[in-house]
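Let me begin by presenting the structure, written as structure tokens, before commenting on it.
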Amino acid sequence: MADNQPPRRKRRSKQGVPQADVSQEPPPVDVHPSIATLRGSHRVAHPDEGTILEAASHLLMVYEWPINCPRFMEGLRMLGLDCVSQLQYIRMDHNLLTALVERWSPQTNSFHLPVGEMSITLQDVALILGLHIDGPALVGHSVVGAGRRWLSWPDCCDDLLGQHPQRDVVYVDPFNPRVSSKFRMGQAQAQTCLPLIWLRWTFYRDSYLDMNELDFWRHLRAYILFLMGTYLLPDTSGCEIHLRFLPLLEDLGLFNTYSLGGAILAHLYRELAEATKPKRANIAGCIHLLQIWCWERLHVGRPTLHVPQQVSLDGLSVGYRWNQKFIRQLPAGSLSSYRDELDGLLDSQVWSLNL
Numbered sequence: 001m002a003d004n005q006p007p008r009r010k011r012r013s014k015q016g017v018p019q020a021d022v023s024q025e026p027p028p029v030d031v032h033p034s035i036a037t038l039r040g041s042h043r044v045a046h047p048d049e050g051t052i053l054e055a056a057s058h059l060l061m062v063y064e065w066p067i068n069c070p071r072f073m074e075g076l077r078m079l080g081l082d083c084v085s086q087l088q089y090i091r092m093d094h095n096l097l098t099a100l101v102e103r104w105s106p107q108t109n110s111f112h113l114p115v116g117e118m119s120i121t122l123q124d125v126a127l128i129l130g131l132h133i134d135g136p137a138l139v140g141h142s143v144v145g146a147g148r149r150w151l152s153w154p155d156c157c158d159d160l161l162g163q164h165p166q167r168d169v170v171y172v173d174p175f176n177p178r179v180s181s182k183f184r185m186g187q188a189q190a191q192t193c194l195p196l197i198w199l200r201w202t203f204y205r206d207s208y209l210d211m212n213e214l215d216f217w218r219h220l221r222a223y224i225l226f227l228m229g230t231y232l233l234p235d236t237s238g239c240e241i242h243l244r245f246l247p248l249l250e251d252l253g254l255f256n257t258y259s260l261g262g263a264i265l266a267h268l269y270r271e272l273a274e275a276t277k278p279k280r281a282n283i284a285g286c287i288h289l290l291q292i293w294c295w296e297r298l299h300v301g302r303p304t305l306h307v308p309q310q311v312s313l314d315g316l317s318v319g320y321r322w323n324q325k326f327i328r329q330l331p332a333g334s335l336s337s338y339r340d341e342l343d344g345l346l347d348s349q350v351w352s353l354n355l
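First residue of the sequence shown? That's 1 in full-length UniProt numbering, and the numbers climb one at a time after it.
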């Protein structure tokens, strides 16, 4: 008798329109299987909604603080930072960076590609940037506050840099005396950040040869802070450096033993994870490391090198050969074209260094 029963009609709403079947799930988003479990929390689940990521790294500002003084270069060499000072500005390929971030899994800290998982390693940091990767972690201690080494961050600046930004002082651009500005320490009342432009305007010199030891080391600390804020450890502000790094520069001999490369890599991992969020518009960290790593390892988006004669990399990092003067043409690939290139990546296209 059950076979003779008429089929049930769909229950109608008050307007007389059949109600949708609420038990039916929406069609799955076509994402890479290895990061499909992240779903809506990852920008790859919204390929047509996310914005092109803007890089918050400012290597161009480093190029605007040229170092030609042999005494200063020797100080950087003693600290293992001379290779970084030789790197020059390269234009960021924001479409390429966005395509790479879409492949990044915060759960594994690696890019999930058709050829398997790949990641930027400490070896890449050492080769591309030429930085120290061994030693203790670059971790600071609470040294500012009541009953501690310094009562306030301005006091710390006065001790280790010789001065701090004064709100009523007009500072002049050393490269263009017609440009002037006033600066103040950032982060409201806490005053925990220094403006990057203030560092350059205040501590740039054509020559540091006639400085006494105390002033010389203060200027060297200022330049290292500037490197951190513009290139090595930048945040999304793009204009300030947090002063938590300054106490670590008090003893520069001790600073030289820290794993600066490890700190840069850990910071980049964190910023890559943040950049996977669908609504994120900026990416911080050492973005030049990421882009050059892609050019060296994957060859995706790689520009043509114009080298009329063989360039010796003795004492220089691999990143040096990607300086702007050696690049003939930077491909202006679209986000969709880079997605296709990464989708079709083959084992034979991935370069691996065997030491």
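Glycine included, every Cβ here is placed at the ideal spot set by N, Cα and C. Quick caveat: nothing in here was measured; it's all calculated off a predicted structure.
According to DSSP, is residue i part of a helix, a strand, or is it coil?
i, result
"Pro177", "strand"
"Asn95", "helix"
"Pro70", "helix"
"Pro195", "strand"
"Ile90", "coil"
"His288", "helix"
"Asp56", "Note on residue identity: the sequence assigns Ala, not Asp, to residue 56. If DSSP states are grouped into helix, strand and coil, Ala56 belongs with coil."
"Trp65", "coil"
"Glu117", "strand"
"Leu272", "helix"
"Val44", "helix"
"Gly319", "helix"
"His141", "coil"
"Phe183", "coil"
"Leu305", "strand"
"Ile128", "helix"
"Tyr338", "helix"
"Val170", "strand"
"Ser152", "coil"
"Asp3", "Note that Asp3 scores a pLDDT of 48, beneath 50, so its modelled location is shaky and nothing firm can be said."
"Gln349", "helix"
For my contact list, residue i and residue j are in at a C-beta cut-off of 8 Å; report their separation, rounded to the angstrom.
i, j, result
"Ala222", "Leu265", "So it is not a contact: roughly 24 Å between Cβ atoms."
"Thr236", "Val101", "Actually they are not in contact, since the Cβ atoms of Thr236 and Val101 sit about 14 Å apart, beyond 8 Å."
"residue 358", "Ala281", "Look at the range of the chain in this structure, 1 to 355, and you will see that residue 358 is not part of it."
"residue 360", "Leu233", "Because the chain spans 1 through 355 in this model, residue 360 falls outside it and cannot be assessed."
"Ile287", "Met92", "6 Å"
"Leu290", "Pro114", "The pair is not a contact, with the Cβ atoms about 19 Å apart (cut-off 8 Å)."
"Leu196", "Thr230", "6 Å"
"Leu138", "Val84", "The Cβ separation is near 15 Å, so there is no contact."
"His94", "Glu54", "6 Å"
"Pro133", "Gly261", "The question names Pro, but residue 133 is Ile in the sequence shown. Indeed they touch by this definition, with Cβ atoms about 4 Å apart."
"Pro154", "Gln191", "6 Å"
"Gly319", "Leu79", "Incorrect: roughly 18 Å between the Cβ atoms, too far for contact."
"His267", "Gly285", "5 Å"
"Gly135", "Ser259", "5 Å"
"Leu96", "Tyr269", "So it is not a contact: roughly 19 Å between Cβ atoms."
"Ile90", "Trp322", "6 Å"
"Gly186", "Glu271", "Not confirmed; about 19 Å, so no contact."
Please classify residue i as buried or exposed, where buried requires at least 16 neighbouring CB atoms within 10 angstroms.
i, result
"Thr257", "exposed"
"Ser23", "For Ser23, the predicted structure reports a pLDDT of 46, less than 50, and the residue's modelled location is therefore unreliable. A value from the coordinates is still provided. Burial call: exposed."
"Val172", "exposed"
"Phe175", "exposed"
"Arg71", "exposed"
"Asp124", "buried"
"Gly145", "exposed"
"Arg103", "buried"
"Arg218", "buried"
"Ala99", "buried"
"Met228", "buried"
"Val44", "buried"
"Ser142", "exposed"
"Lys10", "Bear in mind that a pLDDT of 45 at Lys10, under 50, signals an unreliable position, so the number given afterwards is only what the model happens to contain. So Lys10 ends up on the exposed side."
"Ser348", "exposed"
"Met1", "Confidence is the limiting factor: at Met1 the pLDDT is only 47, short of 50, which leaves the residue's position unreliable, though a coordinate-based value still follows. By the neighbour-count rule (16 or more Cβ atoms within 10 Å), Met1 is not buried but exposed."
"Leu243", "buried"
"Ser334", "exposed"
"Ser317", "buried"
"Leu151", "exposed"
"Ala332", "exposed"
"Leu214", "exposed"
Return yes when at least one heavy atom of the ligand GDP lies under 8 Å from the C-beta of residue i, else no.
i, result
"Ile128", "The ligand content of the structure shown is nil, which means the ligand GDP is not present either."
*asked:* As an exercise, report each continuous beta strand (DSSP E) stretch of at least 3 residues that is fully enclosed by the segment 206-269, in chain order.
replied: Whole beta strand (DSSP E) segments, 3+ residues: 240-242.
So does the segment 295-302 actually touch the segment 57-68, counting three or more Cβ pairs closer than 8 Å? no
Answer yes if the segment 40-47 comes into contact with the segment 178-187, meaning at least three C-beta pairs across the two stretches below 8 Å, and no otherwise.
no
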